[in-house]
Amino acid sequence: MIFSLSKKPRPAPKAGDIIGFSGDNWLSAGISVATLGIPFWDLSHVGIIGEHKGELLLFESTTLNDSPCVIQKERVRGAQAHRIDDRVQAYRGKVWLYPVYRPLYAYEGNRLSEFLIEHLGRDYDAIGAFRSGGNVFSWIESLLRRQDLSSLFCSELCAAAFQCTGILPTDNASRWNPNRLVRACRRRGVLRRPWRLK
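Per my numbering, the sequence shown starts with residue 1158, numbered consecutively.
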């Protein structure tokens, strides 16, 4: 009898999972290079899954999505929420799901979702995104500048959400860029191996 090895099914998205994006344009390639990634392969953007009224949504901070936020009911530049499938299908490039290492406890999930909803509508932090680039530069910046969540870039939102739930202890969520955040979370066992969504 011949046995075939089947791949495990892709895990269903859950609160706390990270969705990573690698765009097929030069802006995304430039972001990937600036954050020590491989252009057109490594991450140029991340979002985090949270819950609102029983529905899992992708929370992200961006200026490059023309769809209205499903909670705020309008287009915004900065922190916003979208239905996961809609966002993945509309994205031009590669998309990965990075599952959090375990389902969140109820209090963690509540804290995460409350944090994400509370920060909806915050402006996009373009200067902060620039400052988070590279390893040495962002480390120096984190020594000189304290965490500031008055405006947010994508990985800063995700790191701050992990920080508030206690999943990723960090003294400065403003220093994390997409590639560094995901790599650190993988090394520390916070996130499991990625699954390609698109």
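Glycine included, each C-beta is placed from N, C-alpha and C at the ideal position.
{"Item": "Using alpha carbons as the reference points, say which of Y1264, R1279 and A1317 lies closest to C1226.", "Value": "R1279"}
{"Item": "With DSSP as the reference, label S1331 as helix, strand or coil.", "Value": "helix"}
{"Item": "If you run the structure through DSSP and keep just helix, strand and coil, what is T1219?", "Value": "strand"}
{"Item": "Within its chain, find whatever has a CB closer than 8 Å to the CB of E1231; leave out the 5 residues flanking it on each side and keep chain order.", "Value": "P1225"}
{"Item": "Rounded to whole angstroms, what is the Cα-Cα separation between V1245 and L1354?", "Value": "8 Å"}
{"Item": "What three-state label does DSSP hand F1178 in the structure shown?", "Value": "strand"}
{"Item": "Going by the CB atoms, is the gap between F1310 and A1341 shorter than 8 Å?", "Value": "no"}
{"Item": "Please say whether G1207 and S1270 have beta carbons closer to each other than 8 Å?", "Value": "yes"}
{"Item": "Can you tell me where the beta strand (DSSP E) holding L1200 begins and where it ends?", "Value": "Looking at the DSSP string, L1200 is not in any beta strand (DSSP E), and its letter there is neither H nor E."}
{"Item": "Applying the 10 Å Cβ sphere with the 16-neighbour rule, what's the burial state of Q1229?", "Value": "exposed"}
{"Item": "According to DSSP, simplified to helix, strand and coil, what is Q1246?", "Value": "helix"}
{"Item": "What number of angstroms, rounded off, separates the C-alpha of G1177 from the C-alpha of P1166?", "Value": "19 Å"}
{"Item": "For L1213, write down the residues that DSSP places opposite it in a beta bridge.", "Value": "E1208"}
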